[in-house]
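*Asks:* Going down the list, the sequences are from chains L and H.
In terms of numbering that gives the first Met the number 0, the first sequence opens at residue 0 and continues consecutively.
In terms of numbering that gives the first Met the number 0, the second sequence opens at residue 0 and continues consecutively.
Handing you this structure, nothing more for now.
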Amino acid sequence: MRELDAKQITDAVAQMCKEAAYYLPKDVYEGLKRGRETEKSPVGQAVLDQIIKNAEIARAEDRPYCQDTGMTIVFVEVGQDLHITGGLLEDAINEGIAKGYTEGYLRKSVVAEPLFNRVNTKNNTPGVIYTKIVEGDKLKITIAPKGFGSENKSGVRMLVPADGVEGVKKAVMDIILHASMNPCPPMVVGIGIGGTMDRAALLSKKALTRSIDERNPMPEYAKLEEELLTLINETGIGPQLGGTTSALAVNIEWGPTHIAGLPVAVTICCHAMRHASRVL
Amino acid sequence: MAEPIRIHTPFTEEMSRKLKIGDNVLITGEIIAARDAAHKRMCEALAKGEKLPVDWKNQMVYYLGPTPAKPGDPIGSCGPTTSGRMDAYTPTMLEQGIKGMIGKGSRSKEVVDSMIKNGVTYFAAVGGAAALIAKSVKKYEVLAYPELGPEAVARLTVEDFPCIVVIDCQGNNLYDVNQKKYRTLQGY
């Protein structure tokens, strides 16, 4: 059985936290540039110019793209033939988050308890960690830091089967119109359809780890992604101050659900759709 | 975009009343950063009849929690946070003499009413343009609540800090105007 030292996980996570904060993925950067070419509003064009310039400065100078370096969402796929030695998986990941956020001069934005005391943990831990056991003897880690300006505008709607495709569109557009200019558009919209309430929400997060240029492999969902993107770009929300580039992409993930249900979750991501992946 | 209007702080009501929505502004001088936790503390202090740690007369508040500065830099990345979270505290804060607010996103009716009453202008900086905005910040000094870390109240010395007037002191709203102008959506 293959062995992997927990320290290697910690070091990889620390490095990925920094990379995700500094380097906007190429697909998103190119998406912003395409948006700048087609944007109709002059003030929208000026906002996109600043956003593109910002991405270039952050990358060139190893600086956080946004001051909200997020709560750290971590997707881990553990091969069932892998043996992790020298510590617990979750501890290794959280140590990596603490190391990366401290060494990388990233903002520590996590409070230990949400309602009564709200004391900052001062190292951005704990992360939100999702672990899946898969075939093989490798470990795949994806880091997706999530800012809360956009997270606060996300939502779940528990539809019923009779609501159908039109119901899904209406639920998504309700959430988008309510979010309006607040979640730092141009947005990337992650949608989870099916499962249970919690599974739909998780699918909507996973959708945001997919490239903005990659459509859902099932043609019906790919078409729905395109239709929703068109509708969102017709809202006038634009790049924050009004315009035609409200979203860069809509990514849908779906899963099996109950005969009585049609859960729909929408995670709105700002233009800082940051993530980093590594296989150990 | 029109030529920018240069503003030097302190920011008086007279200066505020001259600005209108869509004005492209470059701010030079001092602005004060405060966000969620600091607003809560200040409003609790006022409710108890205590004095605030900062004199807000003719000040501009910037809704900000920066990343830590790298060695040799005055500040880390420092873009605006969502202003709407401060709405519950804002009318109370505007009574303290604040004449400008810098953030991003919409404001409540109560805030706009208080802006009209007090002659206050609301500016938006570009959300997420945090590494770029940092270039216009020359100095960062914590003034109060250092234990709040990135949420401490701090003075920023800025030079040509870029922002745009989104709600003026007559209550005109650039978000509403522009969103209507570019909206082609039907049926939703």
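Just so you know, even glycine gets a beta-carbon here, dropped at the ideal spot from N, CA and C.
1) Between the stretch 110-128 of chain H and chain L, which residues of the former have CB atoms less than 8 angstroms from a CB of the latter, in chain order?
2) Starting from Glu-150(L), trace the alpha helix (DSSP H) in both directions and tell me its first and last residue.
3) Write down every uninterrupted run of the alpha helix (DSSP H) in the stretch 56-126 of chain H whose length is 4 residues or greater and which is fully enclosed by it, in chain order.
4) Spatial neighbours of Gly-78(L) within its chain, please: C-beta separation below 7 angstroms, excluding the five flanking residues on both sides.
5) Against Leu-240(L), what residues of chain H qualify as contacts under a CB-to-CB distance less than 8 angstroms, listed in chain order?
6) Are the C-beta of Ala-130(H) and some C-beta of chain L separated by less than 8 angstroms?
7) Between Asn-23(H), Arg-16(H), Lys-17(H), which lies nearest to Asp-159(H) when the distance is taken from Cα to Cα?
8) What residues in the stretch 222-240 of chain L bring their beta carbon closer than 8 angstroms to a beta carbon of chain B?
9) Can you tell me the Cα-Cα spacing of Pro-70(H) and Tyr-100(L), whole angstroms?
10) Any idea what DSSP makes of Arg-198(L), helix, strand or coil?
11) Measure from the C-beta of Ile-132(L) to each C-beta in chain H and report whether the shortest distance is under 8 angstroms.
12) Would you say Val-46(L) and Leu-240(L) are within 8 angstroms of each other, going by their C-beta atoms?
13) Mind checking if Tyr-28(L) is an interface residue toward chain H, Cβ cutoff 8 angstroms exclusive?
14) Would the beta-carbon of Leu-88(L) fall within 8 angstroms of that of Cys-16(L)?
15) Please classify Gly-48(H) as buried or exposed, where buried requires at least 16 neighbouring CB atoms within 10 angstroms.
16) What does the alpha-carbon distance come out to for the pair Gly-237(L) and Gly-34(L)?
17) Anything in the stretch 81-92 of chain L with a Cβ closer than 9 angstroms to a Cβ of chain H? List those residues in chain order, please.
18) Does the beta-carbon of Phe-74(L) have 16 or more other beta-carbons within 10 angstroms, so that it is buried, or is it exposed?
19) Where does Asn-93(L) fall in DSSP's three states?
20) Name the one or two DSSP bridge partners that Ala-246(L) has.
21) Taking Cβ-Cβ distances shorter than 7 angstroms, what residues in chain L pair up with Arg-106(H)?
22) Which stretch, first to last residue, makes up the beta strand (DSSP E) that contains Leu-3(L)?
23) Three or more C-beta pairs under 8 angstroms: does that hold for the stretch 201-218 of chain L against the stretch 128-140 of chain H?
24) Taking CB distances under 8 angstroms as the criterion, tell me whether Gly-48(H) reaches chain L.
25) Along chain L, which residues have their Cβ under 8 angstroms away from the Cβ of Arg-40(H)?
26) Is Pro-113(L) close to chain H? Criterion is C-beta to C-beta, closer than 8 angstroms.
27) Between the C-alpha atoms of Gly-21(L) and Ala-128(H), what's the straight-line distance to the nearest angstrom?
*Replies:* Reading it off the structure:
1) Against chain L - using a Cβ distance shorter than 8 angstroms - the residues of the stretch 110-128 of chain H are Ala-123, Val-125, Gly-126, Gly-127, Ala-128.
2) In the first sequence, counting from the first residue as 1, residue 150(L) sits at position 151. Start and end: 147-150.
3) Counting only runs of 4 or more residues that sit fully inside the stretch 56-126 of chain H, the alpha helix (DSSP H) segments are 89-93, 108-117, in chain order.
4) By one-based count along the first sequence, residue 78(L) stands at place 79. Once the five neighbours on either side are set aside, the close Cβ partners of Gly-78(L) are Val-133, Glu-134, Gly-135, Asp-136, Lys-137, Leu-138.
5) On the first sequence, position 241 is the one that residue 240(L) refers to. The contacting residues are Ala-123, Ile-163, Val-165, Leu-173, Tyr-174, Asn-177.
6) The residue labelled residue 130(H) in the question sits at position 131 within the second sequence. Taking a beta-carbon distance threshold of 8 angstroms, Ala-130(H) counts as an interface residue toward chain L.
7) For the purposes of this step, residue 159(H) is identified with residue 160 of the second sequence, where counting begins at 1. If you compare the alpha carbons of Asn-23(H), Arg-16(H), Lys-17(H) with that of Asp-159(H), the shortest gap goes to Asn-23(H).
8) Protein chains in the displayed structure are L and H, and chain B is not among them.
9) The residue labelled residue 70(H) in the question sits at position 71 within the second sequence. The residue labelled residue 100(L) in the question sits at position 101 within the first sequence. The alpha-carbon of Pro-70(H) is positioned some 15 angstroms away from that of Tyr-100(L).
10) The sequence position of residue 198(L) within the first sequence is 199, counting from 1. Correct three-state label for Arg-198(L): helix.
11) In the first sequence, the residue the question calls residue 132(L) occupies position 133. No, no contact with chain H.
12) As a working note, residue 46(L) is residue 47 in the first sequence. As a working note, residue 240(L) is residue 241 in the first sequence. Yes.
13) As a working note, residue 28(L) is residue 29 in the first sequence. No, because no Cβ of chain H sits closer than 8 angstroms to the Cβ of Tyr-28(L).
14) By 1-based counting over the first sequence, the position of residue 88(L) is 89. By 1-based counting over the first sequence, the position of residue 16(L) is 17. Not closer than 8 angstroms, so no.
15) Here residue 48(H) is taken as the residue at index 49 of the second sequence, counted from 1. Result: exposed.
16) By one-based count along the first sequence, residue 237(L) stands at place 238. By one-based count along the first sequence, residue 34(L) stands at place 35. Each residue's alpha carbon lies about 10 angstroms from the other.
17) Listed by position, the residues of the stretch 81-92 of chain L near chain H (Cβ gap below 9 angstroms) amount to none.
18) Translated into the one-based positions of the first sequence, residue 74(L) becomes position 75. Phe-74(L) comes out buried.
19) Reading the first sequence from its first residue, position 94 is the one you call residue 93(L). Three-state result, Asn-93(L): helix.
20) In the first sequence, the residue the question calls residue 246(L) occupies position 247. Residue pairing from DSSP places Ala-246(L) in a beta bridge opposite Met-186(L).
21) Here the question's residue 106(H) lines up with position 107 in the second sequence. Chain L residues near Arg-106(H): none, gap ~11 angstroms exceeds 7 angstroms.
22) Translated into positions along the first sequence, residue 3(L) becomes position 4. Boundaries of the beta strand (DSSP E) around Leu-3(L): 1-4.
23) In short, these stretches do not touch, since the Cβ pair count stays below three.
24) Mapped onto the second sequence, residue 48(H) falls at position 49. Not an interface residue.
25) Counting from one through the second sequence, the residue named residue 40(H) turns up at place 41. What Arg-40(H) touches in chain L: nothing, since even the nearest Cβ is about 12 angstroms away.
26) Taking the first sequence and counting its residues from 1, one reaches residue 113(L) at position 114. False, the Cβ-Cβ gap to chain H never drops below 8 angstroms.
27) By one-based count along the first sequence, residue 21(L) stands at place 22. By one-based count along the second sequence, residue 128(H) stands at place 129. Residue 21(L) is actually Tyr in this sequence, not Gly. Distance from the CA of Tyr-21(L) to the CA of Ala-128(H), rounded to the nearest whole angstrom, comes to 12 angstroms.
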